[in-house]
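One structure is given here, and the rest of the page talks about it.
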């Protein structure tokens, strides 16, 4: 049986890189971190402990929830860790899915690709079903179940029956909820590849795509009240083997854009895989450009060139993430590590050109203001940064401390 206590050693293991940015008392020294975790452990283990409250942010599309108190965060984090271990819950590996898609698209066989989207994913998951399952399975401690129930009964959730976006445990509970669906779709005849990353689904089949979709919908594979967003359903068919009227097909998935043809023929010779283009999705390119613009706009307000340079360095490079400081595990994030499968450099050149045009622009109101704000040396310094070289060389900026990363991201407003 797993240890379900909220001991100091267990909570230390759950510290993440983001904690150093979000909460005071982490990272200043090992002694202070230990003191902070000891205090958290004492609060959670005290008689009568209850999760206090949450905050809610409404963006353009969804309600995003956040825990206010660090003790509540770690209490749910420990329960989340326990559920993952008992039920062997893992979120899909994004890199593995993308790599498999590339391999499959290169195969010279007739195929149909179906993209499905789950509508209002977190909001449509029946959390009472999940709570009842956890109780029936009797793997979680009574204390853990009580904390979960008390959390979901907070006044902030009145009239809300789904899982709250922004809370870490929601991702794990949603995977538990969709486990049967994933298994059933995987077992469908003639579906030879299936993947789901949160609410985005992709599958490859040799059967009629409309028939496969009917099987999924009409056989009740999806647990209610979840439904599909039909407006986002996409079908791509590769079956043109004549070499005549070949059409270009493209779709975006998991931050990438895949461009290929509807022909089964291999490229150049029967011994070479079909050529496909893998690049960054349009939405993500727009996000990079928006962050560049926001960085320059903030510089016009604060005149902090060092901060602006760090922001450009951050966008064009990579940085280490300590996912679990107690174990010393280090992961990397940034341009290359977010998009290691790019095989077309044009988008990186486009982003670099966008940056340099902004630095040297003399057109329009914003361009005039930016041009006047920099010295020649500063323009030259900023122009050294390149999305292409940052990705190619896998340049890692190891000097970004958590506090600095927080400053860097402050002006981006979810952009």
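Residue numbers (the numbering used here): 1270 to 1684. Using N, Cα and C, we set each Cβ at its ideal position, and we do this for glycine too.
{"Query": "How would you write the range of the alpha helix (DSSP H) that residue 1637 sits in, first residue to last?", "Result": "1633–1642"}
{"Query": "Quick one: using the 10 Å Cβ neighbour count with 16 as the cut-off for buried, is residue 1569 buried or exposed?", "Result": "exposed"}
{"Query": "Which runs of the alpha helix (DSSP H), 4 residues or longer, sit entirely within the region 1569–1621?", "Result": "1574–1585, 1604–1607"}
{"Query": "Would you please state the rounded distance, in angstroms, between the beta carbons of residue 1294 and residue 1302? I believe it to be under 8 Å.", "Result": "7 Å"}
{"Query": "Does the structure place the region 1575–1588 close enough to the region 1657–1667 that three or more beta carbon pairs sit under 8 Å?", "Result": "yes"}
{"Query": "Is it right to say residue 1540 is buried, meaning 16 or more other beta carbons lie within 10 angstroms of its own, or is it exposed?", "Result": "Caution applies to residue 1540, whose pLDDT of 39 falls short of 50 and renders its modelled position unreliable; the value that the coordinates give is listed next. Exposed, because fewer than 16 other Cβ atoms sit within 10 Å of the Cβ of residue 1540."}
{"Query": "Classify residue 1368: buried if its beta carbon has 16 or more other beta carbons within 10 angstroms, exposed otherwise.", "Result": "exposed"}
{"Query": "Using a Cβ-based criterion (distance less than 7 Å to any ligand heavy atom), does residue 1327 qualify as near the ligand FAD?", "Result": "The ligand FAD is not among the ligands present in this structure, which contains no ligands whatsoever."}
{"Query": "Let's test the definition: count the other Cβ atoms within 10 Å of the Cβ of residue 1641 and tell me whether it reaches 16, buried, or not, exposed.", "Result": "exposed"}
{"Query": "Using beta-carbon positions only, say whether residue 1474 and residue 1383 come within less than 8 Å of one another.", "Result": "yes"}
{"Query": "By how many angstroms is the C-alpha of residue 1675 removed from the C-alpha of residue 1428?", "Result": "34 Å"}
{"Query": "Helix, strand or coil for residue 1476? Go by DSSP, reduced to three states.", "Result": "coil"}
{"Query": "Which residues share a DSSP beta bridge with residue 1316?", "Result": "Paired residue(s): none; residue 1316 is not in a bridge."}
{"Query": "Ordered along the chain, which non-local residues of its own chain (more than five positions away) have a Cβ less than 7 Å from that of residue 1296?", "Result": "1289, 1302, 1671"}
{"Query": "Counting along the chain, where does the beta strand (DSSP E) carrying residue 1351 start and finish?", "Result": "Counting along the chain, residue 1351 falls outside any beta strand (DSSP E), though it belongs to the alpha helix (DSSP H) covering 1339–1356."}
{"Query": "Mark residue 1432 as exposed unless 16 or more other C-beta atoms lie within 10 angstroms of its C-beta, in which case mark it buried.", "Result": "buried"}
{"Query": "Let's test the definition: count the other Cβ atoms within 10 Å of the Cβ of residue 1273 and tell me whether it reaches 16, buried, or not, exposed.", "Result": "buried"}
{"Query": "Is the number of C-beta pairs between the region 1396–1406 and the region 1497–1506 that are closer than 8 Å three or more?", "Result": "no"}
{"Query": "Could you check whether residue 1277 and residue 1345 sit closer than 8 Å to each other, using their CB atoms as the reference points?", "Result": "no"}
{"Query": "I believe residue 1400 touches residue 1418 by the beta-carbon criterion, under 8 Å. Please report the beta-carbon distance rounded to the nearest angstrom.", "Result": "6 Å"}
{"Query": "To which residues of the same chain is residue 1421 closer than 7 Å at the C-beta, ignoring the five residues directly before and after it?", "Result": "1396"}
{"Query": "When DSSP labels each residue in this structure, what does residue 1275 get in the three-state scheme?", "Result": "coil"}
{"Query": "Have a look at residue 1656 and residue 1488 and give me their C-alpha separation to the nearest angstrom.", "Result": "47 Å"}
{"Query": "Kindly list the residues whose CB is nearer than 6 Å to the CB of residue 1567, restricted to its own chain and excluding five residues on each side of it in sequence; keep chain order.", "Result": "1680"}
{"Query": "Considering Cα atoms alone, identify which of 1526, 1532, 1392 is closest to residue 1494.", "Result": "1392"}
{"Query": "Restricting to Cα atoms, I'd like to know which of 1625, 1347, 1631 is closest to residue 1648.", "Result": "1625"}
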